[in-house]
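What follows is one structure encoded as C-alpha cells, with my remarks underneath.
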Amino acid sequence: MICLGIESTAHTFGIGIVSDWSEVLTNVKSTYVPPKGWGIDPSKAKQHHEDVAELLIEKALREAHIKKPDLISVAIGPGLPPCLLVGLKKAKELSKKWDVPLVGINHAIAHLEIGKLFSNFKDPVMLYVSGGNTQVIAFENGKYRVFGETEDMGIGNLFDSFGRLVNLEFPAGPKIEELAKKGKKYIELPYSIKGMDVSFAGVYTHLKSLIKKHKLEDVCFSLQETCFAMLVEVSERAMAHTQKKELILTGGVSANKRLQEMCSIMCEERGASFSAPPIELAGDNGAMIAWNGILAKKEATKNYDKIDINPKWRADDVKVSWI
Ligand code: ATP
Ligand code: FE2
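When you line the sequence shown up against numbering that gives the first Met the number 0, it's residues 0 to 322, in that order.
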C-alpha cells in the first residue's frame, strides 16, 4: 500500500509518499517565508500553499514513480485554519479524482510516529520543539498524552521574536545558534517550570532589557542555555514519570546542535537512548503525514464529507488505532 500525505498546518506545504513497507518514496515541500521583520500572516501562507500545491503534487508523483496512491492522508490539526483548509481541499479533490480513501491526521502525532520509524524506537518520549509548538508527549494507557508543554509561546517563536528585536533574518533559530557559539558570558534569565510545563514569556520580556546592555553573542548563548535546560529538565521528568528509556527530539528547533547535545547527555546519564531525526523528517513535512496515514489506515474513509479541519486538535484526543 502506498499513501500520499499532505502537510499544510502552518508555514510549510509538503507532500510525502510513503509505502507500508516504511519506505519514504519522496518528501517534497515549500515553506512560506514572511518579509523581514514580520511574523506569519495566515492569509499569506494560505496563498503560498495554494500557489505551490499543484506543482508539488506533480513533482511528488513523478519522483515516487507512481500514477496514484492507494490512500491519501492530510494533517487536519492542530494548525492555522486558512492553511489547514488548503490541504484538506486538495486532499478531497485528489481522493475523489483517484477514488481512494482519505484519513485526517494529527500533526503532532505524525511528528512522533515518523521519529519512531526513523529511530526504530518502540515507546519513546518525544520532545517536540517548533515555531508554534513546545510539547512533551508519550504513549500511556492507550493514548498519546501531553505530559508537558509551553504555557505561552513556542520555543521557535521565542527565538524568532527575539530575532526580530535584534534584526536577525527569519527564521532566527539558525543565526542564534551561530551567535551563541561565540558567547562566553552567561547572563541569568527567568527559569520557569511548573510541573512539566514551561513558560517563555518571562524570558522574552527579560531579553528586551538585556539587548542594549550586553553583547549579542552572550545574550544568544544565555537564551539557548536557559531555555534548553528547561526543555531537557521537563523531558527528563517525563521519562522518569513514565519510566521510558527512549527520547526523540523533533520539530524545526531540533536542528539545533546544542539542544541535541544537551538531550544526548541527559539520556546517557539515565542509560536511555536518544534520537534526533534528520531535519527533512523533523521539520514540518509530508512524509510524516503519509506514514501516519499508513498507520491509521483503519480510520480512512471514502465518506469524504465526514472529514473536517480540527485547528485545536490535541494529541490527547487522538484515537490511536495502530498501537
Ligand atoms: P509547527 O507548525 O510545528 O509549529 P513551524 O511552522 O514552526 O512548525 P518548523 O520547521 O517545525 O516549522 O520549525 C521552525 C522553527 O525552528 C523556527 O522558529 C526556527 O527559528 C526554528 N529553528 C530552525 N533551526 C533552528 C536552530 N538551528 N536552532 C534553533 N531554532 C531553530
Ligand atoms: Fe510541526
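We put the CB at the ideal spot given by N, CA and C, even for glycine. Since the model is a prediction, treat every value here as computed from it, not as a measurement.
query, result
"Let me know the secondary structure DSSP gives Asn-132 once reduced to three states.", "coil"
"According to DSSP, is Ala-271 part of a helix, a strand, or is it coil?", "coil"
"Report the start-end ranges of each alpha helix (DSSP H) in the region 35–74 that is 4 residues or longer and not cut off at the edges.", "41–63"
"Please state the DSSP three-state secondary structure of Ile-308.", "coil"
"Cβ atoms of Ile-288 and Leu-87: under 8 angstroms apart, would you say?", "no"
"For Ala-109, which residues in the same chain have their Cβ closer than 6 angstroms to its Cβ, ignoring the five residues on either side in sequence?", "Met-287, Ile-288 and Asn-291"
"Spell out a yes or no on whether the region 65–82 and the region 39–46 are touching, meaning 3 or more CB-CB pairs, one atom from each, closer than 8 angstroms.", "yes"
"Could you give the residue range of the beta strand (DSSP E) that holds Glu-6?", "1–6"
"Near the ligand SAM, which residues have their beta-carbon less than 5 angstroms from any of its heavy atoms, given in chain order?", "No copy of the ligand SAM appears in this structure; the ligands present are the ligand ATP and the ligand FE2."
"My output table needs one value for Ala-137: the three-state DSSP class, helix, strand or coil.", "strand"
"Counting only runs of 3+ residues fully inside the region 171–259, write out the beta strand (DSSP E) ranges in chain order.", "245–249"
"According to DSSP, is Val-85 helix, strand or coil?", "helix"
"Tell whether a beta-carbon distance below 8 angstroms holds between Glu-135 and Glu-150.", "Looking at the sequence shown, residue 135 is not Glu but Val. Going by C-beta atoms, Val-135 is not nearer than 8 angstroms to Glu-150."
"Given a cut-off of 8 angstroms on the beta-carbon distance, is the pair Val-99 and Lys-67 in contact?", "yes"
"Let me confirm a value: Asp-159 is counted as buried when at least 16 other C-beta atoms fall within 10 Å, else exposed. Which label applies?", "buried"
"Assign Arg-163 to one of three DSSP states: helix, strand, or coil.", "helix"
"Got a sec? Which residues, its chain only, sit under 6 angstroms from Gly-201 by beta carbon, not counting five neighbours each side?", "Pro-189 and Ser-191"
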